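To keep things clear, I will list the structure first and then write my remarks on it.
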Amino acid sequence: MKVLVPVKRVIDPNVRPRVKADGSGVDLANIKMAMNPFCEIAVEEAVRMKEKGVATGEIVLVSIGPAQAQETIRVGLAMGADRGILVQTDAAVEPLAVAKILAKIVDSEKPDIVITGKQSIDDDCNQTGQMLAALLGWPQGAFASAVAKDGDKLSVTREVDGGLQTVSLNLPAVVTTDLRLNEPRFASLPNIMKAKKKPIDMKTPADYGVDTAPRLAVVKVAEPKKREAGEKVADVDSLIAKLKSAGAI
Amino acid sequence: MAVLVFAEHSNAALNDATAKTVAAAQAFGGDIDVLVAGHNASAAAQAAAKLSGVRKVIHVEGEAFSHALAEAVEALVVPMMGGYDAFFAPATTTGKNVAPRIAAKLDVMQVSEITRVIDASTFERPIYAGNAIMTVKSSDAKKVVTVRGTAFKAVESSGSASVETAAAPAGPFKSAFVSEEIAKSDRPELASAKRVVSGGRALASADQFNALILPLADKLGAGVGASRAAVDAGYAPNDYQVGQTGKVVAPELYVAVGISGAIQHLAGMKDSKIIVAINKDEEAPIFQIADYALVGDLFKVVPELTEKL
């Protein structure tokens, strides 16, 4: 089995985003960037499949973004993926266009599984994997907390509102990762060095004939309503008294 | 204009998220039809027919709909969309699973987790874990939207819409339901509970989580939540997680016990009306947004609070 993993370069999850004063977006100038945490989990799962002998083919990473997204691909190559494709663009690309580009790449790469993060922590859309599955006519296992090969099918346990749900998917299939699927490894120094020699193909959205013009125009981006810190209470009795007078209990 | 609302339900009952999604559809405007796709779901369809402002309920029966398989829902909804200008689904795990498939097939860029409808093409939605609120205007002819329940007030159940049945699409589909582990609980459902008690990593074990958080929740008649750290550590099941990628809640009272307050957690609860934080670390970020901050050892404070309530 061959596995394709899309990876996105986003703001580092430990950095607090700041809204630009002109309301046009979030200020990313000189901000630390990193691989989207859910994409890291996706890369880790692909590498584990290979280590367990479930995936015997290549692990191919794809990123759609600026030139610096090569660094994001290198992080995944250092974790154990085999090669990368960067579809280079400086424009913001919405999940629908990302899914269309990925669908074209799937047509030529012919993976058996595509593993995506369930959402990226910047736009919080939670769409790309499901959209890709629909465009390909493939089944999906979204929000996965466990993935196992089961004969010629894929068994995926999903995190749902009430607990866990297990579905059986025909292959090829799309899986999107939830937090409990695995804990991504830190790449070792030798693997980081080795990753520098792994190939990254450079492409553009035009190579795939996909129009990336946004469908959603950003009218404005604003700070959320601020919540002020309240008061300290000395002990349980005064907490209960405060809650009673506020009508909360 | 007409909107198709996708109902979240358990076949036997309608989920509260549906009534909130209908409220968002009302703000969007036009006739509202509710799709109840299920298996032995007559009770859910009848409950949907009572929602105020609904024109009609479309009830579809099929085994693939017993657990809302995304592939089957896509096959059902996409052909129906010729008659609608918009598809609204609750931003539950079911809605998030199915809506993007429908959007992609319609060649529409979905607007996820809206918190406000400004007009028929303009919506507000939180981004960056709620650290920014984005207003977007969609240029697509049809809209596909998921609705964050905490931002809309459920419509009343005082209506009497008609219920039509429609045929299920022919399978087979490329996915099949195998099993589920759904926790049965008499406590209020986390997403819609009026009060929530959440525990964090400071509880230090599943036993202590259960021994401290559950009695307090029961005393308050509250739903139970947890921070990601507590879930990752195995102190609480995954469906308890409150935060950016878990459940978003906005109860009247939120009690955070032993939760430091990472931005990813705050994203899931900062719209609560009254926030109480109990933490021994005076510098914990949760105190910056708490209405009532109690600095102390939770192992002493929580049993005392449970007892005195």
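Residue numbers (the working numbering), protein chains in the order written: chain A, 956 to 1204; chain B, 442 to 750.
The beta carbon of each residue, even a glycine, is placed where N, CA and C say it ideally should be.
Small disclaimer: the values here were computed from a predicted structure and weren't measured.
Here Leu644(B) is not near Tyr681(B), since their CB atoms are 8 angstroms or more apart. A straight-line Cα-Cα distance of about 16 angstroms links Ala1024(A) and Ile1076(A). According to the DSSP secondary-structure assignment, Ser620(B) is paired through a beta bridge with Thr1121(A). In this structure, the alpha-carbon of Phe740(B) lies about 46 angstroms from that of Ser979(A). Val446(B) carries a strand assignment under DSSP once its states are collapsed to helix, strand and coil.
Relative to the Cα of Ala582(B), the nearest Cα in the group Leu1171(A), Ala989(A), Asn1081(A) and Gly1008(A) belongs to Leu1171(A).
Exposed is the label assigned to Asn985(A), since fewer than 16 other Cβ atoms lie within 10 Å of its Cβ.
In the DSSP assignment, Arg1135(A) falls outside any beta strand (DSSP E) and carries neither an H nor an E. Against Asp732(B), the close residues of chain A are Gly1185, in the order they occur along the chain (beta-carbon pairs closer than 7 angstroms). Leu1136(A) has a beta carbon lying at 8 angstroms or more from every beta carbon in chain B. Under the DSSP assignment, Phe529(B) falls in the beta strand (DSSP E) whose first and last residues are Ala527 to Pro531. Annotation: Val717(B) to Val696(B) spans about 5 angstroms, alpha carbon to alpha carbon. Here Asn481(B) is exposed, its C-beta having fewer than 16 other C-beta atoms within 10 Å.
If you ignore the 5 residues before and after Val1009(A), its C-beta comes within less than 6 angstroms of the C-beta of Lys1104, all in its own chain and listed in chain order. DSSP links Gly471(B) through a beta bridge to no other residue. Per DSSP, reduced to three states, the secondary structure at Gln1023(A) is coil, with no helix or strand assignment.
Contact residues of the segment 1107 to 1130 of chain A toward chain B are Ser1110, Arg1113, Glu1114, Val1115, Asp1116, Gly1117, Gly1118, Leu1119, Gln1120, Thr1121, Val1122, Ser1123, Leu1124, Asn1125 and Ala1128 (C-beta to C-beta distance below 8 angstroms). Restricting attention to Lys1065(A), Gln1074(A) and Lys1059(A), the CA atom closest to the CA of Thr1159(A) is found in Lys1059(A). Within the same chain, Gly479, His480, Asn481, Ala482, Ala484, Ala485 and Ser507 come within 8 angstroms of Asn452(B) by CB-CB distance, once the 5 residues on both sides are set aside. When Cβ-Cβ separations below 8 angstroms define contact, Pro972(A) makes contact with chain B. Membership of Val742(B) in the alpha helix (DSSP H) is indicated by the continuous run Leu739 to Lys749.
Residue Met442(B) holds the alpha-carbon nearest to the alpha-carbon of Gly470(B) among Ala458(B), Met442(B) and Leu476(B).
Under the DSSP assignment, Ser639(B) falls outside any alpha helix (DSSP H), being part of the beta strand (DSSP E) whose first and last residues are Arg636 to Gly640.
Inclusion of Gly684(B) and Pro629(B) in the CB contact set at 8 angstroms is not warranted, their separation being larger than that value.
By the rule that beta-carbons nearer than 8 angstroms mark a contact, Phe1098(A) touches chain B. Inter-segment contact for the segment 1184 to 1194 of chain A and the segment 487 to 504 of chain B is absent: fewer than three beta-carbon pairs are separated by less than 8 angstroms. Contact of Thr533(B) with chain A by beta-carbon distance below 8 angstroms involves Asp1116. Following the DSSP letters along the chain, one finds Ala632(B) in no beta strand (DSSP E), marked with neither H nor E. Only residues of its own chain outside the window of five on either side were considered, and among them Thr576, Val577, Lys578 and Ser579 have a CB closer than 8 angstroms to the CB of Thr563(B), listed in chain order.
Residues of chain B whose Cβ lies closer than 7 angstroms to the Cβ of Glu995(A) do not exist, since the nearest Cβ in that chain is about 14 angstroms away. For Lys594(B), the secondary structure class from DSSP, reduced to helix, strand or coil, is coil. Linking Lys1175(A) to Ala458(B) through their CA atoms gives a straight-line distance of about 28 angstroms.
Around the beta carbon of Met1086(A), a 10 Å sphere encloses 16 or more other beta carbons of the protein chains shown; the residue is thus reported as buried. Three or more Cβ pairs closer than 8 angstroms define a contact, and the segment 1012 to 1029 of chain A meets that threshold against the segment 1049 to 1067 of chain A. Among the residues facing chain A, Tyr676(B) is not included, as its CB has no counterpart in that chain under 8 angstroms away. Contacts with chain A at 8 angstroms (Cβ-Cβ) include Lys615(B).
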